[in-house]
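Student:
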Amino acid sequence: MTQLTKTLPSGDELPMVGLGTWNIGGETVKDSVRAGLDAGYTHIDTAEGYKNEAEIGEVLADYDREELFLTSKVLPKNLDYESVIASCEASLERLGTDYLDLYLVHWPNPAISLRETLNAMAHLHEEGLVRNVGVSNFSAYQLSAAHHVSDVPIAVNQIEYQPWHTQDDVVEYCDETDTVVEAAAPLGRTEVLGDETVQDIAEQYDKSPAQVVLRWAVENDVVVLPKSTSAEHIEQNLDVFDWELDDADHQRIDDIDREQPVYATPARDWTGSTYGISQ
Ligand code: A2P
Numbered sequence: 002m003t004q005l006t007k008t009l010p011s012g013d014e015l016p017m018v019g020l021g022t023w024n025i026g027g028e029t030v031k032d033s034v035r036a037g038l039d040a041g042y043t044h045i046d047t048a049e050g051y052k053n054e055a056e057i058g059e060v061l062a063d064y065d066r067e068e069l070f071l072t073s074k075v076l077p078k079n080l081d082y083e084s085v086i087a088s089c090e091a092s093l094e095r096l097g098t099d100y101l102d103l104y105l106v107h108w109p110n111p112a113i114s115l116r117e118t119l120n121a122m123a124h125l126h127e128e129g130l131v132r133n134v135g136v137s138n139f140s141a142y143q144l145s146a147a148h149h150v151s152d153v154p155i156a157v158n159q160i161e162y163q164p165w166h167t168q169d170d171v172v173e174y175c176d177e178t179d180t181v182v183e184a185a186a187p188l189g190r191t192e193v194l195g196d197e198t199v200q201d202i203a204e205q206y207d208k209s210p211a212q213v214v215l216r217w218a219v220e221n222d223v224v225v226l227p228k229s230t231s232a233e234h235i236e237q238n239l240d241v242f243d244w245e246l247d248d249a250d251h252q253r254i255d256d257i258d259r260e261q262p263v264y265a266t267p268a269r270d271w272t273g274s275t276y277g278i279s280q
């Protein structure tokens, strides 16, 4: 198995399949990360908001840090200058490492200056605490503002991307600006695995629906971050490099888009402890 990578503006190579860790903690996330690393994953995606960095750090201690591409994210409530720095330092402490390969703004926060946030990101970059900087859940408009004011390249935009929700305008703008697209929830939190076209193609290729969906995204140049608690699924989700979809079948999946997100909805509750805006 040869893992494909995307080259970031820094020259760093971003592995195209990474292990997602949203919504799992405790022993479950430890088992998942260990299974992933043992299966050959070299890319792990977490966030301060996932509240599992300490557990992931415990597992990482048994592996070679330099072989890994590690991403974390700062919560939208922590996007003022001092809080970005403090959040990053706390993530590093919990993960037991002295740098992140990629640090992302988890969600835009219209109540805090993006320029201030990205100045803090540039400082972290200068200090060597983060090797690459990016954003997550940014629209094309928000991403254009980020590119305009940032002193470091915005290397990545992590967004919902799955056959039922491909956000073509965002992806197109990312392509134009050499911003790598990462797919959060690439399996549509399993909903899309029941899609008729996906199932039909899976049967034809003797692959699982998950593999078909991941392969399709990789062929569209999108980095995927599938999450799983099953060692078998984890292994299977990495096996998307040594085979391909023919053009017609690939196109059938491109044509599915129903603009049906599983999480990327514009309405947000700004009062919660995770996404809340401080008064
Ligand atoms: P499980 O833990 O049983 O593997 P997403 O990455 O879009 O958020 O989706 C995560 C969900 O997809 C999890 O519920 C996970 O369940 C499931 N999943 C991950 N990989 C596979 C796979 N290869 N086949 C079926 N379901 C999968």
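In terms of my numbering, the sequence shown opens at residue 2 and continues consecutively.
We put the beta carbon where it would ideally sit given N, CA and C, even for glycine.
Under the three-state reduction of DSSP, which class applies to GLU192: helix, strand or coil?
Tutor: Helix at GLU192.
Student: By DSSP, does GLN168 sit in helix, in strand, or in coil?
Tutor: Looking at GLN168 - three-state DSSP - the assignment turns out to be coil, as it is neither helix nor strand.
Student: Got a sec? Which residues, its chain only, sit under 8 Å from GLN4 by beta carbon, not counting five neighbours each side?
Tutor: Cβ neighbours of GLN4 beyond the five flanking positions: PRO16, MET17, VAL18, GLY41, THR43, LEU239 and PHE242.
Student: Do you know offhand how far ILE235's Cα is from VAL30's?
Tutor: About 12 Å.
Student: Secondary structure at ASP335, three-state DSSP: helix, strand or coil?
Tutor: Because the chain in this structure spans residues 2 to 280, residue 335 falls outside the shown range and cannot be described.
Student: Considering only C-alpha positions, which residue in the set ARG216, SER209, ASP196 and VAL213 is nearest to GLN261?
Tutor: Residue ASP196 is the option with its Cα nearest to GLN261.
Student: Do you know how far the Cα of ALA211 is from the Cα of SER137?
Tutor: The straight-line gap from Cα to Cα measures roughly 23 Å.
Student: Provide the residue span of the alpha helix (DSSP H) that contains ILE86, from first to last.
Tutor: ILE86 -> alpha helix (DSSP H) spans 82-96.
Student: If you compare alpha carbons, which of GLU59, THR272 and VAL75 is closest to TYR51?
Tutor: Looking at the Cα atoms, VAL75 is the closest of the given residues.
Student: Report the partner residues of GLU161 according to the DSSP bridge assignment.
Tutor: Bridge partners of GLU161: ALA185.
Student: Taking 7 Å as the cut-off, is the CB of GLN143 close to at least one heavy atom of the ligand A2P?
Tutor: Not under cutoff, so the answer is no.
Student: By the three-class DSSP mapping on this structure, what secondary structure does ASP46 have?
Tutor: ASP46: strand per DSSP, three-state reduction.
Student: Any heavy atom of the ligand FAD closer than 7 Å to the beta-carbon of PRO77?
Tutor: Looking for the ligand FAD in the displayed structure turns up nothing; the ligands present are the ligand A2P.
Student: Taking the beta carbon of TYR142 as the centre, do at least 16 other beta carbons fall within 10 Å, making it buried, or is it exposed?
Tutor: TYR142 should be labelled exposed.
Student: In chain order, what residues have a CB nearer than 6 Å to some heavy atom of the ligand A2P?
Tutor: This criterion selects GLY21, ALA186, PRO187, LEU188, GLY189, ARG190, THR191, LEU194, SER209, ALA211, PRO227, LYS228, SER229, THR230, SER231, HIS234, GLN237 and ASN238.
Student: Could you please give me the residues that DSSP links to LEU20 through a beta bridge?
Tutor: BP columns for LEU20 point to ILE45.
Student: Assess contact between the segment 101-113 and the segment 155-172, defined as three or more Cβ pairs (one per stretch) separated by less than 8 Å. Is contact present?
Tutor: Judged by Cβ distances under 8 Å, the segment 101-113 makes contact with the segment 155-172, as three or more pairs qualify.
Student: Considering Cα atoms alone, identify which of PRO227, LEU246 and GLU204 is closest to GLY21.
Tutor: That would be PRO227, whose Cα lies nearest to the Cα of GLY21.
Student: Measuring straight from C-alpha to C-alpha, what distance separates LEU215 and TYR264?
Tutor: The straight-line gap from Cα to Cα measures roughly 18 Å.
Student: Under a three-way DSSP split, which group does ILE25 fall into?
Tutor: In the structure shown, ILE25 sits in coil (DSSP, three-state: anything other than H, G, I, E or B).
Student: Along the chain, where does the alpha helix (DSSP H) that runs through ALA272 open and close?
Tutor: As written in the sequence, residue 272 is Thr, which differs from the Ala given in the question. First-last for THR272: undefined, no H or E at that position.
Student: Leaving out five residues on either side along the sequence, give the residues of the same chain with a beta carbon under 6 Å from the beta carbon of ARG95.
Tutor: Here the set comprises GLU54, ALA55 and GLY58.
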